[in-house]
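In my numbering, the protein residues as written are 355 to 575.
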């Protein structure tokens, strides 16, 4: 069965993994990466009341979430400004070879969607890095009030792309918990590795699922 739609995450798919970038930032700041990730981002295994999760659902402002996160770290005697870590995440370039895959998928008549956990404040930035004429549907957590891995966001995405059978859709993400949630609903899940070789291999796998020839840029470098 040829997939009818491909649902792409943004960060970690079209850019370097934000998890890898955050780890570098924490190490540079002398903060344990696991603890730092918990303070700023909370668990990625669930959709909770953590300030970052509420921010990604559009329920609070960036400044309010920042203040909460800094206060939590301060209780442990750690000075941690989320904006310093986010600056590391924002420094990466868009992967041209992955945008070429997006364009090829769309040109083949397959419906494309971006399903992203994101912030209202970042919308213009991440959209600027993509060929938006090759994107049919956007499901942004901050606009929808629900975020991955909540099953509701996958159901919403399937509805928006017009796919009734989840097995006819492919979901591409770099967070294993997000991919697991999609697979639990019946979607075909592709877990994008955080290393560049693995990420390119995953893109080739996606092309294979769709019966597409990988774009030349995938073999460059």
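In this text, a Cβ means the ideal position worked out from N, Cα and C, and glycines have one as well.
Closest by C-alpha distance to residue 462, out of 525, 572, 564 and 559, is 564. When beta bridges are read from the DSSP output, residue 494 appears opposite 470. Going by DSSP, residue 525 is part of the beta strand (DSSP E) stretching over 523–527. Short of 6 Å from the beta carbon of residue 541, and not among the five residues preceding or following it, lie these beta carbons of its own chain, in chain order: 520, 523 and 525.
For residue 515, the enclosing alpha helix (DSSP H) has its first and last residue at 505–515. Nearest Cα to residue 553 within the set 501, 453 and 515: 453.
Per the coordinates, the alpha-carbon of residue 483 lies some 12 Å from the alpha-carbon of residue 489.
Cβ neighbours of residue 480 within its own chain (closer than 6 Å, five residues either side excluded): 364. The way I'd put it, the stretch 427–443 does touch the stretch 371–384; three or more beta-carbon pairs between them come closer than 8 Å. Closest option to residue 360, judged by alpha-carbon separation, among 496, 534, 458 and 388: 458. Under the three-state reduction of DSSP, residue 429 is assigned to helix.
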